[in-house]
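Asker: Below you'll find the structure I mean.
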Amino acid sequence: MNAHTFPAVEFDAAIIGKLSQSGPRYTSYPTADRFRPDFGYGQFLEAVAGLRMRRNRRPLSLYIHIPFCDTICYYCGCNKIVTKDHGKAATYLGYLKQEIDMQGRLFAGTGTIEQLHFGGGTPTYLSDRQMGDLMEHLHANFDFAPDQQGEYSIEIDPRTVSAERVHSLRAQGFNRISLGVQDFDPEVQKAVNRIQPEAETRAVMDAARDAGFRSISIDLIYGLPKQSLASMEQTLDKVIAADPDRIALYNYAHLPHLFKPQRRIAEADLPTPEVKLELLALSIRRLCAAGYVYIGMDHFAKPDDELAVAQRQGLLQRNFQGYSTRAEADLISCGVSAISAVGATYSQNEKTLDAYYEKLDEGRLPVARGIKLDTDDLLRRIVIQKLMCNFELSMSSIEQAYPIRFPLYFAAELEKLKAFEEDGLLVVDPEWITVTPRGRLLIRNICMVFDRYLGLPRADGPQPLRYSKTI
Ligand code: SF4
Numbered sequence: 121m122n123a124h125t126f127p128a129v130e131f132d133a134a135i136i137g138k139l140s141q142s143g144p145r146y147t148s149y150p151t152a153d154r155f156r157p158d159f160g161y162g163q164f165l166e167a168v169a170g171l172r173m174r175r176n177r178r179p180l181s182l183y184i185h186i187p188f189c190d191t192i193c194y195y196c197g198c199n200k201i202v203t204k205d206h207g208k209a210a211t212y213l214g215y216l217k218q219e220i221d222m223q224g225r226l227f228a229g230t231g232t233i234e235q236l237h238f239g240g241g242t243p244t245y246l247s248d249r250q251m252g253d254l255m256e257h258l259h260a261n262f263d264f265a266p267d268q269q270g271e272y273s274i275e276i277d278p279r280t281v282s283a284e285r286v287h288s289l290r291a292q293g294f295n296r297i298s299l300g301v302q303d304f305d306p307e308v309q310k311a312v313n314r315i316q317p318e319a320e321t322r323a324v325m326d327a328a329r330d331a332g333f334r335s336i337s338i339d340l341i342y343g344l345p346k347q348s349l350a351s352m353e354q355t356l357d358k359v360i361a362a363d364p365d366r367i368a369l370y371n372y373a374h375l376p377h378l379f380k381p382q383r384r385i386a387e388a389d390l391p392t393p394e395v396k397l398e399l400l401a402l403s404i405r406r407l408c409a410a411g412y413v414y415i416g417m418d419h420f421a422k423p424d425d426e427l428a429v430a431q432r433q434g435l436l437q438r439n440f441q442g443y444s445t446r447a448e449a450d451l452i453s454c455g456v457s458a459i460s461a462v463g464a465t466y467s468q469n470e471k472t473l474d475a476y477y478e479k480l481d482e483g484r485l486p487v488a489r490g491i492k493l494d495t496d497d498l499l500r501r502i503v504i505q506k507l508m509c510n511f512e513l514s515m516s517s518i519e520q521a522y523p524i525r526f527p528l529y530f531a532a533e534l535e536k537l538k539a540f541e542e543d544g545l546l547v548v549d550p551e552w553i554t555v556t557p558r559g560r561l562l563i564r565n566i567c568m569v570f571d572r573y574l575g576l577p578r579a580d581g582p583q584p585l586r587y588s589k590t591i
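Everything in the sequence shown is counted per the numbering used here, starting at 121 for the first residue and increasing by one.
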């Protein structure tokens with residue numbers, strides 16, 4: 121990619137219709153459904169010991185998972201616990217702090233936290249006091265880079281915070297905020313059980329600007345019940361007027377066999393696949409015309425936002441929060457179901473509160489499963505990362521980093537790419553694989569060619585369809 125231009129994106133309904141299929145989002149490779157139950161606490165400790173042996177001083181990234189929500193949004197596919205009993209959060213916090221203590225001791229002296237992300241559930245389910253206490257605890261256990269240098273972000277449900285609370289979050293150390301909006305249309309909001317007046321969202325954004333948050337992001341979803349081109353047009357008008365720095369536009373994946381709350385969505389209210397594609401096309405057209413840059417997958421940003429800058433510099437990477445500006449950071453994740461990425465491993469915590477608490481009661485980190493990547497995994501991970509983040513791949517740069525001849529090692533994959541090349545989605549020359557603007561929306565399909573695990577049986581037997589549609 122030319123260092124001064126942004127990747128354009130071209131919408132081609134015919135090709136998208138032809139190629140749309142279920143596939144991973146590649147927030148990790150191998151994907152989480154390949155993690156193994158024989159990877160546990162011991163293997164995680166080995167990975168940390170490996171970092172220490174290499175005297176690793178890479179930056180660290182920290183993810184904190186708060187699983188609770190007050191009410192259920194029908195579209196939700198997250199791992200969350202819906203309860204009005206806030207006492208449960210107090211118990212959870214006690215255990216979470218115990219895990220943070222243990223991780224802090226393990227990683228002491230290995231690096232500085234340059235990135236912190238609070239996700240959920242609803243992180244602001246915690247009270248202001250609880251959040252302050254938790255942030256103090258984190259600072260007592262880890263070295264944080266100064267505010268100017270670090271990216272410290274929190275997901276906000278605007279229904280749960282006042283302007284005062286937003287100021288308090290800034291004072292507690294957060295400098296980036298992301299707001300769940302999904303859609304401003306009242307009918308759509310009713311159909312998904314998430315009533316959130318536009319004025320409420322705008323008030324939170326105004327407070328965030330006032331408080332000095334450096335980046336404000338809005339999450340939207342297309343494909344929700346009751347959405348139409350007309351309603352989407354109005355929502356986009358409102359979003360553009362609100363002027364966020366980043367916009368995430370997610371595809372609603374209706375998988376009621378996997379996610380129970382989705383059974384409360386009337387299928388007749390869902391837009392048809394054709395309308396859904398038009399909703400996507402409209403959104404891309406409007407956001408790009410308003411000056412946003414297409415980053416990739418579901419993300420748009422202003423040209424001077426750090427994500428867009430990192431992409432121009434080739435420093436963008438993907439992790440469990442989507443796109444990220446910190447290449448090479450090891451990710452320590454705390455909380456129920458949270459996934460860490462340390463050295464050449466991934467590891468996931470226990471998914472239920474009971475199992476999570478039980479392991480911590482035994483004095484062990486609550487690792488439930490994970491995977492140690494072999495050389496082939498690492499190689500494919502870097503190929504998928506580069507394609508996802510830069511839409512291009514220098515084959516010789518891979519040959520310099522790994523002892524392979526790219527055209528030989530990936531002969532079968534290059535053969536499969538020919539069909540995409542014929543459809544005008546990418547160009548392969550002796551040096552580069554370059555995804556064209558037409559291929560960018562189908563980047564997941566292209567990356568799937570390099571995924572060795574797709575189609576292989578899993579150790580724990582056949583599973584229901586788990587992946588969302590690629591577009
Ligand atoms: S979408 Fe977010 S706020 Fe709604 S139920 Fe799911 S996790 Fe909770």
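Cβ atoms here follow ideal geometry from the backbone N, Cα and C, with glycine treated the same way.
Got a sec: does the ligand SF4 put a non-hydrogen atom nearer than 8 Å to the Cβ of residue 372?
Answerer: Walking along the sequence shown from the start, residue 372 turns up at place 252. No, since every heavy atom of the ligand SF4 falls outside the 8 Å radius drawn around the Cβ of residue 372.
Asker: Can you list, in chain order, the residues of its chain whose CB lies under 7 Å from that of residue 334, leaving out five sequence neighbours each side?
Answerer: Here the question's residue 334 lines up with position 214 in the sequence shown. Taken in chain order, the residues that qualify are 295 and 296.
Asker: In the segment 203 to 251, which residue ranges form an unbroken alpha helix (DSSP H) of at least 4 residues, counting only runs that do not cross its ends?
Answerer: Within the segment 203 to 251, the complete alpha helix (DSSP H) runs of at least 4 residues are 207 to 227.
Asker: Is it the case that the CB of residue 418 approaches a heavy atom of the ligand SF4 more closely than 8 Å?
Answerer: Along the sequence shown, one-based indexing puts residue 418 at 298. No, the ligand SF4 has no heavy atom inside 8 Å of this Cβ.
Asker: In its own chain, which residues sit with a C-beta less than 7 Å from the C-beta of residue 257, not counting the 5 before and 5 after it?
Answerer: Counting from 1 along the sequence shown, the entry for residue 257 is found at position 137. The residues are 217 and 220.
Asker: State the DSSP-derived secondary structure class of residue 551, mapped to helix, strand or coil.
Answerer: Counting from one through the sequence shown, the residue named residue 551 turns up at place 431. Reduced to three states, the DSSP call for residue 551 is coil.
Asker: Would you list the one or two residues that DSSP bridges to residue 366?
Answerer: By one-based count along the sequence shown, residue 366 stands at place 246. Beta-bridge pairing links residue 366 to 337 and 421.
Asker: Starting from the Cα of residue 201, find the closest Cα among 279, 521 and 457 and give me that residue.
Answerer: The sequence position of residue 201 within the sequence shown is 81, counting from 1. Closest by alpha carbon: 457.
Asker: Going by C-alpha distance, which of 531, 328 and 506 is nearest residue 564?
Answerer: Here residue 564 refers to the residue found at position 444 of the sequence shown. Per the Cα distances, 506.
Asker: Less than 9 Å between the C-beta atoms of residue 147 and residue 271, yes or no?
Answerer: Locating residue 147 in the sequence shown gives position 27, where the first residue counts as 1. Locating residue 271 in the sequence shown gives position 151, where the first residue counts as 1. No, Cβ-Cβ distance for residue 147 and residue 271 is not below 9 Å.
Asker: Check the C-beta distance from residue 203 over to residue 188 and give it rounded, since I have them as a contact under 8 Å.
Answerer: In the sequence shown, residue 203 corresponds to position 83, counting from 1. In the sequence shown, residue 188 corresponds to position 68, counting from 1. Yes, they are in contact, since the Cβ atoms of residue 203 and residue 188 sit about 6 Å apart, within 8 Å.
Asker: What runs of the alpha helix (DSSP H), each 4 residues or longer, lie entirely inside the segment 255 to 332?
Answerer: The segment 255 to 332 contains these whole alpha helix (DSSP H) runs: 283 to 291, 306 to 311 and 318 to 331.
Asker: May I have the straight-line CA-CA distance separating residue 253 from residue 289, to the nearest angstrom?
Answerer: For the purposes of this step, residue 253 is identified with residue 133 of the sequence shown, where counting begins at 1. For the purposes of this step, residue 289 is identified with residue 169 of the sequence shown, where counting begins at 1. About 12 Å.
Asker: Count the other CB atoms, across all protein chains shown, that sit within 10 Å of the CB of residue 525; report buried if there are 16 or more and exposed otherwise.
Answerer: In the sequence shown, counting from the first residue as 1, residue 525 sits at position 405. Exposed.
Asker: Which whole-angstrom value is the C-beta distance of residue 396 and residue 342, which I expect to be below 8 Å?
Answerer: By 1-based counting over the sequence shown, the position of residue 396 is 276. By 1-based counting over the sequence shown, the position of residue 342 is 222. About 7 Å; that satisfies the 8 Å criterion.
Asker: Helix, strand or coil for residue 492 per DSSP?
Answerer: Locating residue 492 in the sequence shown gives position 372, where the first residue counts as 1. Strand.
Asker: Which residues does DSSP pair with residue 439 in a beta bridge?
Answerer: To locate residue 439, count along the sequence shown from 1; it is residue 319. 442, per the DSSP bridge assignment.
Asker: Spatial neighbours of residue 423 within its chain, please: C-beta separation below 6 Å, excluding the five flanking residues on both sides.
Answerer: Within the sequence shown, the letter at position 303 stands for residue 423. Hits under 6 Å: 413.
Asker: Short of 8 Å in beta carbon distance, which residues of its chain neighbour residue 136, apart from the five on each side in sequence? Order them along the chain.
Answerer: Here residue 136 refers to the residue found at position 16 of the sequence shown. Hits under 8 Å: 397, 561, 562 and 591.
Asker: Under DSSP, the alpha helix (DSSP H) around residue 567 begins and ends at which residues?
Answerer: The residue labelled residue 567 in the question sits at position 447 within the sequence shown. Per DSSP, residue 567 belongs to the alpha helix (DSSP H) from 563 to 568.
Asker: Does the count of Cβ pairs from the segment 177 to 185 and the segment 360 to 367 closer than 8 Å reach three?
Answerer: No, they do not touch.
Asker: Could you tell me the boundaries of the beta strand (DSSP E) in which residue 413 lies?
Answerer: As a position in the sequence shown, residue 413 is number 293, starting the count at 1. Here the beta strand (DSSP E) through residue 413 covers 413 to 416.
Asker: Assuming residue 234 and residue 449 are in contact, meaning their beta carbons sit under 8 Å apart, how far apart are those beta carbons, in whole angstroms?
Answerer: Position 114 of the sequence shown holds residue 234. Position 329 of the sequence shown holds residue 449. Indeed, because the Cβ distance is near 7 Å, the residues count as touching under 8 Å.
Asker: Tell me where the beta strand (DSSP E) around residue 180 begins and ends.
Answerer: What you label residue 180 is simply residue 60 of the sequence shown in a count that begins at 1. Where residue 180 is concerned, the enclosing beta strand (DSSP E) stretches over 180 to 186.
Asker: Using the three-state DSSP reduction, which class does residue 199 fall into: helix, strand or coil?
Answerer: Numbered from 1 along the sequence shown, position 79 holds the residue referred to as residue 199. It is coil, neither helix nor strand.
Asker: Measuring alpha carbon to alpha carbon, tell me which of 205, 305 and 223 ends up nearest residue 462.
Answerer: Here residue 462 refers to the residue found at position 342 when the sequence shown is read from its first residue. Ranking the options by Cα distance to residue 462, first place goes to 223.
Asker: Can you find the residues in the same chain that come closer than 6 Å, C-beta to C-beta, to residue 130, ignoring five residues on each side of it along the sequence?
Answerer: Sequence index remark: in the sequence shown, residue 130 carries index 10 (1-based). For residue 130, where only same-chain residues beyond five positions count, the Cβ hits under 6 Å are 557 and 558.
Asker: Please look up how many angstroms separate the CB atoms of residue 391 and residue 399, rounded, as I've assumed it's under 8 Å.
Answerer: Taking the first residue of the sequence shown as 1, we reach residue 391 at position 271. Taking the first residue of the sequence shown as 1, we reach residue 399 at position 279. About 6 Å separates the two Cβ atoms, so the contact holds.
Asker: Based on Cα-Cα distance, which residue from 539, 534 and 543 lies nearest to residue 549?
Answerer: On the sequence shown, residue 549 is found 429 positions in, with the first residue counted as 1. With distances taken between Cα atoms, residue 549 lies closest to 534.
Asker: Buried or exposed: where does residue 455 fall if 16 or more other Cβ atoms within 10 Å of its Cβ makes it buried?
Answerer: The sequence position of residue 455 within the sequence shown is 335, counting from 1. Classification of residue 455: buried, given that the 10 Å Cβ count is 16 or more.
Asker: For residue 438, count neighbouring C-beta atoms within 10 Å of its own C-beta (all shown protein chains included) and say buried if the count is 16 or more, exposed if not.
Answerer: Mapped onto the sequence shown, residue 438 falls at position 318. Flag for residue 438 reads buried.
Asker: If residue 321 sits next to residue 277, beta carbons under 8 Å apart, how far is it from one beta carbon to the other, in whole angstroms?
Answerer: By 1-based counting over the sequence shown, the position of residue 321 is 201. By 1-based counting over the sequence shown, the position of residue 277 is 157. No, residue 321 and residue 277 are not in contact; Cβ-Cβ is about 10 Å, not under 8 Å.
Asker: In this structure, how does DSSP classify residue 466 when only helix, strand and coil are distinguished?
Answerer: As a working mapping, residue 466 is identified with position 346 in the sequence shown. Here residue 466 sits in strand by DSSP.
Asker: At a cut-off of 8 Å, is residue 203 close to the ligand SF4 when judged by its beta-carbon and the heavy atoms of the ligand?
Answerer: The residue given as residue 203 occupies position 83 in the sequence shown. Every heavy atom of the ligand SF4 is 8 Å or more from the Cβ of residue 203, so no.
Asker: Is residue 486 buried or exposed, if buried means 16 or more other CB atoms sit within 10 Å of its CB?
Answerer: In the sequence shown, residue 486 corresponds to position 366, counting from 1. It counts as buried.
Asker: Rounded C-beta distance between residue 149 and residue 494? I'm assuming under 8 Å.
Answerer: To locate residue 149, count along the sequence shown from 1; it is residue 29. To locate residue 494, count along the sequence shown from 1; it is residue 374. With 8 Å as the limit, residue 149 and residue 494 do not qualify as a contact, their Cβ atoms being about 12 Å apart.
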